[in-house]
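One structure is given here, and the rest of the page talks about it.
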Amino acid sequence: MTDTATTTPDALSPEGQFATFRERREQAVVQPKGNLALVNTQWIDSEQTVWNAPGTWAPLPAGESGLRLTASAADGIRLNGELVDGTVTVAGKDAETPGELVFSDTVTGFVIAGPAGNYALRVWDANSEGIQNFGGIDAYPYNPDWVVEAQFTAMPGATIPFEHSKDEGRTRELEVPGEISFSKDGTDYSLAAIESGRALQIVFSDATSGVDTYSVGRFLFVAPHADGSVTLDFNRAVLPPCGFSYAFNCPMPPKQNRFTVPIEAGEKNVLAKDGSLLH
Numbered sequence: 001m002t003d004t005a006t007t008t009p010d011a012l013s014p015e016g017q018f019a020t021f022r023e024r025r026e027q028a029v030v031q032p033k034g035n036l037a038l039v040n041t042q043w044i045d046s047e048q049t050v051w052n053a054p055g056t057w058a059p060l061p062a063g064e065s066g067l068r069l070t071a072s073a074a075d076g077i078r079l080n081g082e083l084v085d086g087t088v089t090v091a092g093k094d095a096e097t098p099g100e101l102v103f104s105d106t107v108t109g110f111v112i113a114g115p116a117g118n119y120a121l122r123v124w125d126a127n128s129e130g131i132q133n134f135g136g137i138d139a140y141p142y143n144p145d146w147v148v149e150a151q152f153t154a155m156p157g158a159t160i161p162f163e164h165s166k167d168e169g170r171t172r173e174l175e176v177p178g179e180i181s182f183s184k185d186g187t188d189y190s191l192a193a194i195e196s197g198r199a200l201q202i203v204f205s206d207a208t209s210g211v212d213t214y215s216v217g218r219f220l221f222v223a224p225h226a227d228g229s230v231t232l233d234f235n236r237a238v239l240p241p242c243g244f245s246y247a248f249n250c251p252m253p254p255k256q257n258r259f260t261v262p263i264e265a266g267e268k269n270v271l272a273k274d275g276s277l278l279h
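Take the sequence shown: its letter number 194 is residue 194 in full-length UniProt numbering, and every next letter is one higher.
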């Protein structure tokens, strides 16, 4: 008689840690401000209304952070906990004290800054259609072959032009703190890494992109050790936010981060409850 019971991996083993990582990822994207909750990002360059948010929105004078909001008490908007009745300034995320907006029991928002000094309102819905239809994140099984030891080399002041998924081919010069180099299967690689909080972010594509994985590419977040060594665990490669919501504008892989080989590790696509592609 064959024992068909499924063996649960040791929580401390690489496979066990991978399983925990996968579980936490699926929990994160359905949070009230998780990737699936973002329903609108609207850039405000004149007085206008915003889809899924009440009130009238307008830009502030150049150099000031945020947007001007005009609403009545009947609109039910709360800014930093206070009911809005009149005209107020909603500070952007680049301000010392950003404004936090509540539109309803499930809908919230905040203001983000753009690269040209402009501002947009982001609207989040904790009961969005994406969250309601979410079936999971398809991912490759744990693959130890794509856990690679590499070396970080600092490049103070360096920048690289990055395209973004919604910028129609225009590029933005992003600061690149350094490059990450490694060799695999006889090929040398040198990847550009950008800052993401306290970590470094690698935006990459490979031969699976647009075939088995999301076409725009994937992200890998890493933290070099003091001696510059860094472990690249591609099993933890994640889909970019724009893989979950069209309201995100994601950086695309620069030329040196485009692998010609398939990296069969990490996340693949966002799935609906019926198993089809959600996005």
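Beta carbons are placed, not taken as given, at the ideal position from N, Cα and C, and that holds for glycine.
Contact between Pro240 and Gly217 holds: CB atoms are separated by about 7 Å, below the 8 Å threshold. Contact check for Val148 against Lys184 passes: the beta carbons are separated by less than 9 Å.
If you draw a 10 Å sphere on the C-beta of Arg68, you find 16 or more other C-beta atoms in it, and that means buried.
Distance from Leu101 to Gln42 at the Cβ level is roughly 13 Å; contact not present, criterion being Cβ atoms closer than 8 Å. In this structure, Ile202 sits away from Phe182, with a CB-CB distance that is not shorter than 9 Å. Nearest to Ser205 by C-alpha distance, out of Pro253, His225, Asp10 and Ala226, is Pro253. Residue environment for Ser128: buried (at least 16 other C-beta atoms within 10 angstroms of its C-beta).
For Arg122, the enclosing beta strand (DSSP E) starts and ends at Tyr119 to Asp125. Per DSSP, Arg172 is one residue of the beta strand (DSSP E) stretching across Thr171 to Glu175. Per DSSP, reduced to three states, the secondary structure at Arg198 is coil, with no helix or strand assignment. Apart from the 5 residues on each side of it in sequence, Gln256 sits with its Cβ closer than 7 Å to the Cβ of Ser190, Leu191 and Ala192 in its chain, given in chain order. Relative to the Cα of Tyr142, the nearest Cα in the group Leu200, Arg236 and Pro156 belongs to Arg236. Bounds of the beta strand (DSSP E) holding Gln151 are Val147 to Ala154. With respect to Ser65, Ala91 sits close: the two C-beta atoms are nearer than 9 Å. Counted as a single uninterrupted DSSP element, the beta strand (DSSP E) harbouring Gly135 occupies residues Phe134 to Ala139.
As for any alpha helix (DSSP H) of minimum length 4 sitting wholly inside the stretch 13-74, the runs are 14-28, ordered along the chain.
The C-beta of Ala37 has 16 or more other C-beta atoms within 10 Å across all chains shown, which makes the residue buried.
Ser196 is classed as exposed because its beta carbon has fewer than 16 other beta carbons within 10 Å across all chains shown. Counting only residues of its own chain and dropping the five nearest sequence neighbours on each side, Thr87 has a CB closer than 6 Å to the CB of Thr70. The residue among Phe134, Gly135, Leu200 and Gly109 with its C-alpha nearest the C-alpha of Asp125 is Gly109.
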